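Asks:
Number of protein chains: 4
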Amino acid sequence: MSFFGGLISTVFERRYRGASEDDAQGRSTQALAAELLGTHGEVSGGTLARLILDQYAAMNASEQRAFFGFMVHDLNIDFERVTETVATYRDTPSKKSYRAFASACEPKRQELIRRLNQVPGATARLVTMRRDLLGLLPDYPELAPLDVDFQHLFASWFNRGFLVMRPINWSSPADILEKIIAYEAVHAIDSWEDLRRRLQPEDRRCFGFFHLAMPDEPLIFVEVALTCGIPNSIQHLLADARDPIKAEEADTAVFYSISNCQAGLAGISFGNSLIKQVAADLARDLPEIANFVTLSPIPGLKKWLSHLEEGVALDADHQAIAAHYLLEAKRSDGMPADPVARFHLGNGAIVHAVHAQADLSDNGMQQSGGAMVNYLYDLDQITANHEKFVGEKTVIASDEVRALSETVRPAR
Amino acid sequence: MSFFGGLISTVFERRYRGASEDDAQGRSTQALAAELLGTHGEVSGGTLARLILDQYAAMNASEQRAFFGFMVHDLNIDFERVTETVATYRDTPSKKSYRAFASACEPKRQELIRRLNQVPGATARLVTMRRDLLGLLPDYPELAPLDVDFQHLFASWFNRGFLVMRPINWSSPADILEKIIAYEAVHAIDSWEDLRRRLQPEDRRCFGFFHLAMPDEPLIFVEVALTCGIPNSIQHLLADARDPIKAEEADTAVFYSISNCQAGLAGISFGNSLIKQVAADLARDLPEIANFVTLSPIPGLKKWLSHLEEGVALDADHQAIAAHYLLEAKRSDGMPADPVARFHLGNGAIVHAVHAQADLSDNGMQQSGGAMVNYLYDLDQITANHEKFVGEKTVIASDEVRALSETVRPAR
Amino acid sequence: MSFFGGLISTVFERRYRGASEDDAQGRSTQALAAELLGTHGEVSGGTLARLILDQYAAMNASEQRAFFGFMVHDLNIDFERVTETVATYRDTPSKKSYRAFASACEPKRQELIRRLNQVPGATARLVTMRRDLLGLLPDYPELAPLDVDFQHLFASWFNRGFLVMRPINWSSPADILEKIIAYEAVHAIDSWEDLRRRLQPEDRRCFGFFHLAMPDEPLIFVEVALTCGIPNSIQHLLADARDPIKAEEADTAVFYSISNCQAGLAGISFGNSLIKQVAADLARDLPEIANFVTLSPIPGLKKWLSHLEEGVALDADHQAIAAHYLLEAKRSDGMPADPVARFHLGNGAIVHAVHAQADLSDNGMQQSGGAMVNYLYDLDQITANHEKFVGEKTVIASDEVRALSETVRPAR
Amino acid sequence: MSFFGGLISTVFERRYRGASEDDAQGRSTQALAAELLGTHGEVSGGTLARLILDQYAAMNASEQRAFFGFMVHDLNIDFERVTETVATYRDTPSKKSYRAFASACEPKRQELIRRLNQVPGATARLVTMRRDLLGLLPDYPELAPLDVDFQHLFASWFNRGFLVMRPINWSSPADILEKIIAYEAVHAIDSWEDLRRRLQPEDRRCFGFFHLAMPDEPLIFVEVALTCGIPNSIQHLLADARDPIKAEEADTAVFYSISNCQAGLAGISFGNSLIKQVAADLARDLPEIANFVTLSPIPGLKKWLSHLEEGVALDADHQAIAAHYLLEAKRSDGMPADPVARFHLGNGAIVHAVHAQADLSDNGMQQSGGAMVNYLYDLDQITANHEKFVGEKTVIASDEVRALSETVRPAR
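Sequence lines, in order, name chains A, B, C and D. Reminder that position 246 of the first sequence reads as 246 in the UniProt record's numbering, one-by-one numbering, no gaps. Reminder that position 53 of the second sequence reads as 53 in the UniProt record's numbering, one-by-one numbering, no gaps. Reminder that position 301 of the third sequence reads as 301 in the UniProt record's numbering, one-by-one numbering, no gaps. Reminder that position 381 of the fourth sequence reads as 381 in the UniProt record's numbering, one-by-one numbering, no gaps.
1. What does a CB cutoff of less than 8 Å around V224 (chain A) pick up in its chain, not counting 5 residues either side in sequence?
2. Who are Y375 (chain D)'s beta bridge partners in DSSP?
3. Please check the pair K49 (chain B) and L133 (chain B), which I expect to be a contact at CB under 8 Å, by giving their CB distance rounded to whole angstroms.
4. Are three or more beta carbon pairs between the stretch 140 to 149 of chain C and the stretch 133 to 142 of chain D nearer than 8 Å?
5. Distance check for A174 (chain B) and P173 (chain C), CA to CA, integer angstroms please.
6. Taking only beta-carbon positions, decide if W192 (chain D) is within less than 7 Å of chain A.
7. How many angstroms separate the CA atom of G26 (chain C) from the CA atom of R65 (chain C)?
8. I want to verify the contact list: residues of chain C whose CB lies under 8 Å from the CB of P93 (chain D), in sequence order.
9. With distances taken Cα to Cα, identify the nearest neighbour of F67 (chain C) among C:R130, C:P299, C:Y98, C:R114.
10. With H, G and I counted as helix, E and B as strand and the rest as coil, what does DSSP make of T252 (chain B)?
11. According to the Cβ coordinates, are A320 (chain B) and T407 (chain B) closer than 7 Å?
12. For P107 (chain A), count neighbouring Cβ atoms within 10 angstroms of its own Cβ and tell me buried if that reaches 16, exposed if not.
13. Are the CB atoms of A337 (chain D) and W304 (chain D) within a distance shorter than 7 Å?
14. Any idea if Q366 (chain C) is buried or exposed, counting beta-carbon neighbours within 10 angstroms, 16 or more meaning buried?
15. Quick check on A241 (chain B): buried or exposed, where buried means 16 or more other Cβ atoms within 10 Å of its Cβ?
16. Just the C-alpha distance for L32 (chain C) and P120 (chain C), rounded to the nearest angstrom, thanks.
17. Using the three-state DSSP reduction, which class does L146 (chain C) fall into: helix, strand or coil?
18. Helix, strand or coil for F343 (chain A)? Go by DSSP, reduced to three states.
19. Spell out the partners DSSP gives F210 (chain B) in its beta bridges.
20. Under 7 Å Cβ-Cβ, which residues of chain D neighbour A102 (chain C)?
21. Of all the CB atoms in chain A, is at least one closer than 7 Å to the CB of D175 (chain D)?
22. Going by beta-carbon coordinates alone, are F158 (chain A) and I77 (chain A) separated by less than 7 Å?
23. For chain C, find out if any of its Cβ atoms is closer than 7 Å to the Cβ of W304 (chain B); answer yes or no.
24. Residues of chain B with CB under 8 Å from Y98 (chain A), in chain order?
25. Within this structure, are the beta carbons of A213 (chain A) and F162 (chain B) separated by less than 7 Å?
26. Would you check if there are 3 or more beta carbon pairs closer than 8 Å linking the stretch 322 to 340 of chain C to the stretch 283 to 291 of chain C?
27. Apart from the five residues just before and just after R109 (chain C), which ones in its own chain have a Cβ nearer than 7 Å to its Cβ?
28. Under a three-way DSSP split, which group does L7 (chain A) fall into?
29. Counting only the same chain and skipping the five closest in sequence on each side, list residues whose C-beta sits under 8 Å from that of D317 (chain B).
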């Protein structure tokens with residue numbers, strides 16, 4: 001909390017909250033949660049919500065598990081009431097019968113989460129709570145229903161209409177910039193100097209989505225390079241010593257890194273909206289830009305190669321194998337095996353070009369033997385591309401990439 | 001939309017949206033809604049959402065009814081699926097079974113409303129949509145389930161954690177101030193000059209709640225007078241020619257008018273939170289203020305008197321009768337008959353004093369024969385008061401008011 | 001001062017200023033001013049400055065005259081020191097000799113004004129002080145040297161580099177908008193509704209210059225109409241009931257009113273910079289706009305006609321006479337007789353068209369018999385036009401206006 | 001310039017500036033300056049001003065010297081006109097005669113500087129210009145009169161009334177924070193981590209003055225530590241690993257570093273105003289704070305000791321010698337020899353305590369053998385202290401320091 005916010009809050013607390021808080025301090029989180037659900041209206045809710053969140057913040061993993069278990073089991077739906085109310089609603093539809101049904105099939109834990117969200121800063125703490133929960137799920141799968149509820153609520157709260165896109169640059173607050181350093185998931189940022197190279201030059205841009213209730217926390221951000229021509233290597237793009245070009249001379253905008261920041265918002269999708277909005281803004285400000293592309297990793301390539309059936313080898317150069325992988329390697333549901341491919345193709349982009357030796361970092365070599373790919377966002381085609389991809393699972397690629405892919409043949 | 005926002009949007013549209021929109025233009029809103037629900041991800045959703053909202057904006061009442069009917073009936077739950085999935089979840093609780101249940105018992109119309117909310121300005125348009133719906137409900141009660149869904153979503157979206165309180169004063173934007181003139185529901189504001197008298201003097205304050213997605217639209221606002229002593233008449237408080245006092249000389253803050261602004265947010269309660277926050281801020285800024293009171297109308301008094309059993313007359317002066325009404329007149333559920341009393345007592349206030357001749361306006365005379373009441377917010381007691389009121393339905397009043405009330409006896 | 005500002009200041013004062021202020025309270029403004037000039041550094045200056053400004057604010061005209069007289073006479077230069085130091089500087093130029101000279105020829109009253117400017121809000125109060133002075137000058141011309149100093153300082157403080165242009169629209173603060181109503185000098189604004197018609201429609205704009213130290217006070221503002229074609233009548237342009245056009249359909253931006261707001265800044269010129277900046281911004285935002293014109297009054301026309309030599313009458317229709325007046329009527333220095341013409345021609349505009357019956361208001365009929373004029377700002381030509389006007393005193397006009405002017409012949 | 005600002009400017013330039021700029025490009029800065037002075041009004045001034053500043057930015061030191069020489073000699077006053085006009089004004093005081101005098105004794109170079117200041121960003125470039133000039137002065141003292149003019153103009157432009165104080169913290173823009181790292185003149189900041197330790201903990205504050213026309217450039221900043229008790233060592237205060245205290249627990253605010261940022265504003269004093277304002281704000285926000293002190297270096301101590309007359313040695317411990325130096329060592333004008341002492345004593349502070357071993361850094365040992373001093377700002381006494389110091393050159397010290405000082409005796 002800001003210093004001033006803290007001050008306000010202190011004054012408020014001293015004069016405002018009565019004896020009830022002291023009473024509450026010795027009680028269990030579960031008891032407080034039950035009381036919070038029992039209050040009518042907003043009066044004492046704030047105090048209870050804060051106490052619960054404070055108690056939660058001090059919990060260890062075992063206590064968290066107990067609290068989550070309480071939410072899953074004690075604040076669950078009443079199965080019989082659901083069965084009864086759905087029947088009544090079916091037979092005599094009315095406001096009353098539907099309200100009874102709607103109330104019956106929403107578990108009380110959802111209302112608890114909403115009520116916890118009434119104090120300043122609560123939203124971020126609830127996102128952290130879900131992050132903790134996600135960490136426990138592999139060991140305690142019985143807690144999963146709670147995660148379904150979290151995801152449902154967060155999809156509503158972090159609806160696109162409630163997000164704002166903000167540029168992130170060398171004039172942004174340091175406490176936001178340090179999070180960019182921390183969250184960059186694709187090409188690590190080593191230092192403040194490295195960060196400056198990504199933000200300050202005229203041919204670099206960065207944009208993020210933010211939510212009103214978490215103004216200092218980026219939800220997702222994308223880094224963009226403005227270039228002449230479509231780039232074929234990340235080490236060239238991020239070279240320490242390079243001469244920036246003038247923004248208005250660029251003909252290409254390269255989305256070379258996109259990172260989600262909040263583990264607790266897993267499954268809430270922002271990336272497509274962000275890329276679209278950034279492309280729209282750049283198109284407006286820099287009318288010379290003709291190409292919107294990515295320079296993307298191919299994270300699943302090496303692993304896929306290593307799992308090919310024994311005896312099978314691919315008789316082709318590496319670049320062609322990468323193309324082949326992107327176009328032909330599939331999951332059981334028919335979707336591309338590569339997760340980054342699924343993301344961009346799902347957004348309506350196409351596989352535009354594949355480059356060998358494009359990421360010589362340890363990580364790049366390990367994932368894909370150094371290969372990278374440009375996905376191309378053709379603004380006039382992305383809706384049609386998207387429909388085709390989702391409907392027919394068709395991977396659209398440039399002729400060049402398709403030709404390359406077709407050169408790959410199992411070696412005898 | 002702001003001029004610049006419009007410009008951005010235009011540039012964006014020209015370059016961005018493809019052929020699909022033109023295709024869509026000739027189709028029905030229902031068809032578009034079905035398509036919006038069918039899209040995977042965020043790609044073409046924005047365009048569809050805007051089209052639907054634009055088509056909606058052009059609808060007459062009959063078309064609105066048809067669209068709402070479509071949502072109630074065609075986008076309803078599948079009763080059988082609810083029955084099946086709740087049984088499966090009960091018997092084999094898991095992420096999968098709970099997700100299936102949760103999905104089955106949320107009608108698709110909720111998801112439709114969420115998806116409509118992805119374009120700029122959509123939130124305000126959805127609030128308007130519900131306002132229209134509320135207008136139709138008396139004649140078309142079968143649409144009521146849709147209102148239950150709207151209320152459920154809005155309670156989540158307009159959660160206290162997502163609201164910001166902002167002062168409203170003579171430096172506020174004119175387009176917000178004209179809404180204050182329009183929305184003032186208790187003591188009408190006649191003109192910009194009248195508004196100025198409510199906002200500009202040093203001993204007057206006004207505060208409202210706003211939501212990020214509707215920054216120009218107050219949700220609720222409260223008008224405050226700073227006084228020396230607790231006031232006993234609204235005409236004195238709002239006199240045209242009066243000498244303002246210095247803010248730091250005041251010992252009392254009077255909440256003399258509180259108005260909800262958005263008919264489409266009926267049933268979403270903001271008033272208690274607003275009063276608490278305003279009291280907290282004033283307590284911080286003006287430590288001399290010792291009393292937080294209202295000067296409130298008694299809207300149900302005259303009506304109640306006129307419905308007393310025939311032959312019964314009350315042998316007391318008017319002021320005592322008003323006290324008696326506030327303390328003793330009840331609804332069938334045991335709660336006070338007066339709606340304003342229910343609001344403030346529910347917030348934890350007490351009935352502090354009753355005044356005759358306190359509102360000589362036409363409206364004031366008609367509602368209560370001119371009587372008004374001070375509810376007192378004792379910051380140290382409101383939680384306890386609230387619990388008592390909600391739990392035991394006890395109306396707490398000052399000794400003076402209670403004594404006054406007890407003088408009232410049926411006349412023989 | 002804002003409420004919060006006031007609060008800060010009060011806290012500060014209570015703890016900060018010592019006994020010295022109380023000592024000062026009984027003393028004359030002159031004595032305080034002398035002390036303020038005598039202080040070394042910034043320590044006690046703030047308290048003295050505030051006291052002097054407060055005492056000034058309470059003065060009547062006679063006391064103001066006395067205070068101004070003190071500044072003119074007692075805080076004047078020392079003639080002998082000027083003569084000595086200029087000789088020394090001429091004979092032995094050095095930092096020391098120049099500093100002595102510079103110090104000698106700046107009267108102490110300038111330093112006093114600068115020192116008064118160290119407290120919040122002082123700049124606006126000093127502008128008011130000069131306004132008072134200007135009001136006294138006709139009767140007390142001996143005070144004029146003080147005005148020379150004020151103008152010199154204000155030209156430095158209100159340098160173009162320190163001004164910001166802000167749009168003024170229906171979202172602007174009410175306390176700024178009420179100043180627009182008050183200051184509009186060309187076509188009076190009758191009411192808030194009238195103001196709204198000037199600001200809210202999509203084809204209307206308003207922009208003003210503001211200064212950091214007076215953020216709530218516009219210095220000058222210009223009202224703009226976006227139109228299709230160049231307008232020929234103000235009553236048409238400002239008609240109550242008219243259908244706004246879309247901003248992007250306009251081909252013309254009409255500067256139909258430009259008003260200075262601060263009498264105390266007389267002689268500090270802002271208008272040219274404002275028109276240039278507004279034209280630049282509109283050219284950027286609305287590339288379809290091809291014409292930048294005014295629709296201007298001809299304030300001196302009727303008066304000039306009434307002063308023509310006896311027996312002379314002009315044999316021409318009114319429109320031609322207006323053209324003739326604008327092109328041929330001169331002051332003794334060869335510049336156009338009409339002040340509005342001097343302003344726009346001096347900015348590099350040309351006389352583009354003249355219209356009869358263009359302003360049928362009382363004021364318009366009285367000034368010019370209803371005639372108005374379009375001055376045209378051709379962005380590619382204004383520098384050249386300006387040079388020609390200033391250098392050769394040439395009034396540039398369209399062929400049409402020139403032909404019209406030449407039809408005017410003295411009647412026999 | 002910001003990206004967007006750049007865009008505006010480009011659009012503007014393309015449509016707005018006419019042929020004149022191209023004409024100008026081949027001409028000398030001197031010729032352009034003469035033309036800028038010759039223009040009437042604001043029309044073509046902007047273009048000329050920008051050209052001159054751009055040409056200046058490309059100059060080497062020799063060209064700068066030539067340009068400054070031009071300003072000193074060719075844009076000087078006309079000595080005879082000064083002599084004539086002062087006589088006329090003395091004999092026949094009037095607006096005209098005073099205006100002629102005022103005009104005669106202000107060299108044209110001042111008007112040139114003002115006219116250069118009309119384009120965005122010019123103020124910062126003019127401050128840089130003076131910095132360059134100050135660098136040349138030791139070798140070219142004949143340029144000194146120009147510096148007198150710069151200082152005169154800057155004192156007017158950077159008047160206290162035009163500055164805003166802003167907190168600088170870990171939420172401040174990175175491009176401002178990197179300037180804090182660069183400008184810290186007292187206790188160097190090694191890294192962003194070191195900076196964070198100065199800004200982020202709850203018991204640390206930093207504040208700076210900014211000017212509207214240079215919003216990204218701090219003019220001066222002060223670093224503050226909130227402590228319990230008055231600190232006696234900087235290494236303790238700035239220890240890497242320390243537990244911050246709660247702000248509201250502090251009883252002391254320590255101004256431990258104050259740094260001017262703009263070499264080009266040398267001689268324009270901001271420090272006293274800044275300290276006063278910070279003390280006022282802290283006093284308001286944290287009423288528990290009872291002491292406002294510095295922890296200051298004693299930069300002249302070792303040098304003074306080394307210049308003591310041969311044979312003289314001081315028979316005392318180091319701490320006492322430091323006290324003696326602060327109280328007794330004087331410049332030829334009777335003011336304290338130590339520059340930091342002159343600053344704080346001039347502000348009305350007193351010498352409160354002296355500490356040995358308080359700054360063990362290389363710099364601290366070299367300047368003062370590790371000794372530091374607390375100056376105390378008693379808000380009730382500083383005006384009186386200041387007057388006494390300035391008027392009588394009395395160094396006020398605590399009894400303890402005075403006693404310590406008096407123990408120092410020349411050794412035999």
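Heads up, the beta-carbon is just placed ideally off N, CA and C, and yes, glycines get one too. As the structure is a prediction and not an experimental result, all values here were calculated from the model.
Replies: Checking against the coordinates, here is how it stands:
1. Excluding positions up to five away in sequence, the list reads R204, R205, C206, F207, A253, V254, F255, Y256, V278, L282.
2. D:V351
3. Residue identity differs from the one stated: residue 49 (chain B) is Ala in this sequence, not Lys. A49 (chain B) to L133 (chain B), Cβ: 18 Å. No contact.
4. Short answer: they don't touch.
5. 6 Å
6. yes
7. 20 Å
8. E142, P145
9. C:R130
10. DSSP places T252 (chain B) in strand when its eight states are reduced to three.
11. yes
12. buried
13. Using a Cβ distance threshold of 7 Å, W304 (chain D) and A337 (chain D) count as a contacting pair.
14. exposed
15. exposed
16. 19 Å
17. Note: L146 (chain C) maps to helix in three-state DSSP.
18. helix
19. Beta-bridge pairing by DSSP links F210 (chain B) to B:V164.
20. Within 7 Å Cβ-Cβ: V148, H152.
21. yes
22. The Cβ atoms of F158 (chain A) and I77 (chain A) do not sit closer than 7 Å to each other.
23. no
24. A144, P145, V148
25. yes
26. No, the stretch 322 to 340 of chain C does not touch the stretch 283 to 291 of chain C.
27. M71, L75, L146, D149
28. Interpretation of L7 (chain A) is limited by its pLDDT of 31, a score under 50 that renders its predicted location unreliable; the figure taken from the coordinates is listed afterwards. Reduced to three states, the DSSP call for L7 (chain A) is helix.
29. A356
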